[in-house]
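Residue numbering for the sequence shown follows this note's numbering, starting at 4 and increasing by one per position. All remarks here apply to the structure that follows.
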Amino acid sequence: ESDPEFSQLFKVQARFESELSLAEATLTYPAFLASIGRDRGHLPLTADAVAELLYYGGRAAESQTKVTAQLGIIAEVVAEANYLAERKGKATIDRGVVEDALDAAERRGSHSRDIVHELLSRGTIRVDTMGERVGQVNAISVVFDGPHMFGRPCRVTSVVYPGVEGPVNIAREVEMSGPIHSKGVLILAGFLASRFAQRRPLSFSASLVFEQTYEAIDGDSASASELYALLSALSGFPLTQELAVTGSVDQQGGIQPVGGLNEKIEAFYDLCKVKGLTGRQGVIIPMTNRDALMLRKDVVEAIRDKGFHLHAVTTVEEGIELLTRCPAGALDSDGGFPEGTVFSAVARRLDQFHRAMGDFIRGGLR
4 ESDPEFSQLF KVQARFESEL SLAEATLTYP AFLASIGRDR GHLPLTADAV AELLYYGGRA
64 AESQTKVTAQ LGIIAEVVAE ANYLAERKGK ATIDRGVVED ALDAAERRGS HSRDIVHELL
124 SRGTIRVDTM GERVGQVNAI SVVFDGPHMF GRPCRVTSVV YPGVEGPVNI AREVEMSGPI
184 HSKGVLILAG FLASRFAQRR PLSFSASLVF EQTYEAIDGD SASASELYAL LSALSGFPLT
244 QELAVTGSVD QQGGIQPVGG LNEKIEAFYD LCKVKGLTGR QGVIIPMTNR DALMLRKDVV
304 EAIRDKGFHL HAVTTVEEGI ELLTRCPAGA LDSDGGFPEG TVFSAVARRL DQFHRAMGDF
364 IRGGLR
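Put into structure tokens, the structure is as follows:
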């Protein structure tokens, strides 16, 4: 952009891919690992050790069908695994030694995560994993600590009242919200308008906030959580606290994929395990994120044993039904929702707010 002659002097573009397909990796990884092993005098790797490194590469890429092309981080793991294997007097680097090397690297980079986890476990940062609450849902954000990333469960709450402002993002009002997060909150107003403002304008105000967060917030991966908290506050239907939510939402109510999925799921599982697993706890994820699932082995075992659950959804309606254990409701031919549904209660509350605002305006005119 700065040099107008650059494109004339350098005519061939080169790009570095950040990921490899699994088919490519099954050839590339063994060849690369054998090469650095010869160059650095490492012990030979067993087949199950290479498989574990492929799994780690898939986890780094957040994909079941691709692995990271950043082979330097794979080489670092192998170097530490070789050191551990030599200390133990092994003739090869096997899966167990690779797992020990990965665990050691995780421990070294988990200082901030452990502090947050302790605060959550002690209740200093309050996140409920049992019971029900109106206008409150468990979201999961991701926190970056240098090169390490970890999940952080947090409460999203909403309070509603008559007005005309619509959803108000408290973090934005105090300049703690990034543009993508603020965009996500504005999308919520679009969803509500598409569902509930076809016969009369929306006449409500609402405050939305991530409780007990003191750092800047950005990204739209919690927009589904915020919408569920808002729908609960409007309808009066309580949300189960045994489920946490991640996913972004569009104006039509579709649930979209997010990043950091594995770290988010594992963080909520760790919190539930400390506070007591009920057998009903779990995380609601976007259906389109299923390929990103590369979870820790203990979490996989808990899901297999039905002690923890994953619920993949494609729409807001599916998510709110899981959280309230009640039908969401679909528009009928008269433009209303069936009685006893979440959306029927939302529409009724919005009608009350609309009448209240009309009475207020007429009273002011008199």
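For every residue, glycine included, the Cβ atom is placed at its ideal position computed from N, Cα and C. Remember, predicted model here, so these are calculated numbers, not experimental data.
Exposed or buried, which one is residue i when buried takes at least 16 other CB atoms within 10 Å?
i: R62; result: buried
i: K267; result: buried
i: S5; result: exposed
i: G279; result: exposed
i: Y59; result: buried
i: T95; result: exposed
i: G44; result: exposed
i: F199; result: buried
i: I143; result: buried
i: P156; result: buried
i: T71; result: buried
i: R158; result: buried
i: P150; result: exposed
i: A348; result: buried
i: P289; result: buried
i: T1; result: Because residue 1 is not part of the residues shown, which for the chain are 4 to 369, the question remains open.
i: F363; result: exposed
i: S336; result: exposed
i: G338; result: exposed
i: I76; result: exposed
i: T10; result: The sequence shown places Ser at residue 10, not Thr. Classification of S10: exposed, given that the 10 Å Cβ count is below 16.
i: P170; result: buried
i: A225; result: buried
i: A247; result: buried
How far does the beta strand (DSSP E) with residue i in it extend, from its first residue to its last?
i: S208; result: 208-213
i: I143; result: 139-148
i: R155; result: 151-164
i: H312; result: 312-316
i: K69; result: 69-71
Is the separation between the beta-carbon of residue i and that of residue j shorter than 9 Å?
i: T243; j: R328; result: yes
i: A196; j: L237; result: no
i: L122; j: V81; result: no
i: F340; j: Y164; result: no
i: E135; j: P241; result: yes
i: V146; j: R116; result: yes
i: N141; j: D131; result: yes
i: A28; j: L57; result: yes
i: V137; j: S38; result: no
i: V100; j: K93; result: yes
i: E245; j: Q201; result: no
i: L264; j: A305; result: no
i: F311; j: G332; result: no
i: L298; j: E342; result: no
i: T281; j: M133; result: yes
i: E89; j: A108; result: no
i: V188; j: E229; result: yes
i: V212; j: T127; result: no
i: R203; j: D354; result: yes
i: Y231; j: G322; result: yes
i: G40; j: L48; result: yes
Taking the alpha helix (DSSP H) that residue i belongs to, which residues open and close that run?
i: L12; result: 9-12
i: H336; result: Sequence inspection shows Ser at residue 336; the His mentioned does not correspond to that position. Element bounds for S336: n/a, residue is neither H nor E.
i: D294; result: From DSSP, D294 is part of no alpha helix (DSSP H); its letter is neither H nor E.
i: P204; result: Where P204 is concerned, there is no enclosing alpha helix (DSSP H), given that its DSSP letter is neither H nor E.
i: L23; result: No alpha helix (DSSP H) holds L23; the beta strand (DSSP E) holding it covers 22-24.
i: K300; result: 300-307
i: A84; result: 74-90
i: A63; result: 50-64
i: V101; result: 98-111
i: T132; result: T132 -> no alpha helix (DSSP H), and no H or E assigned at all.
i: L246; result: Taken as a continuous stretch (DSSP letters only), L246 belongs to no alpha helix (DSSP H), being part of the beta strand (DSSP E) at 246-248.
i: G322; result: 319-327
i: E266; result: 264-278
i: V119; result: 114-125
i: E168; result: No alpha helix (DSSP H) holds E168; DSSP gives it neither H nor E.
i: E229; result: 226-238
How many whole angstroms separate the CB atoms of residue i and residue j, which I take to be in contact at a CB cut-off of 8 Å?
i: L233; j: L191; result: 6 Å
i: N292; j: V319; result: The pair is not a contact, with the Cβ atoms about 16 Å apart (cut-off 8 Å).
i: G154; j: F271; result: 7 Å
i: L326; j: V286; result: The Cβ separation is near 12 Å, so there is no contact.
i: Q254; j: G193; result: 4 Å
i: D273; j: H120; result: 6 Å
i: V15; j: Y32; result: The pair is not a contact, with the Cβ atoms about 28 Å apart (cut-off 8 Å).
i: D370; j: D51; result: Absent from the model: residue 370. The displayed extent of the chain is 4 to 369, so no value can be given.
i: F207; j: G166; result: 6 Å
Taking 8 Å as the cut-off, is the beta-carbon of residue i closer than that to any non-hydrogen atom of the ligand MN?
i: A192; result: No copy of the ligand MN occurs in the structure displayed, which carries no ligand at all.
Next on the checklist: Taking contact to mean 3 or more Cβ pairs, one atom from each stretch, closer than 8 Å, check whether the region 16-33 and the region 48-64 are in contact.
Outcome noted: yes
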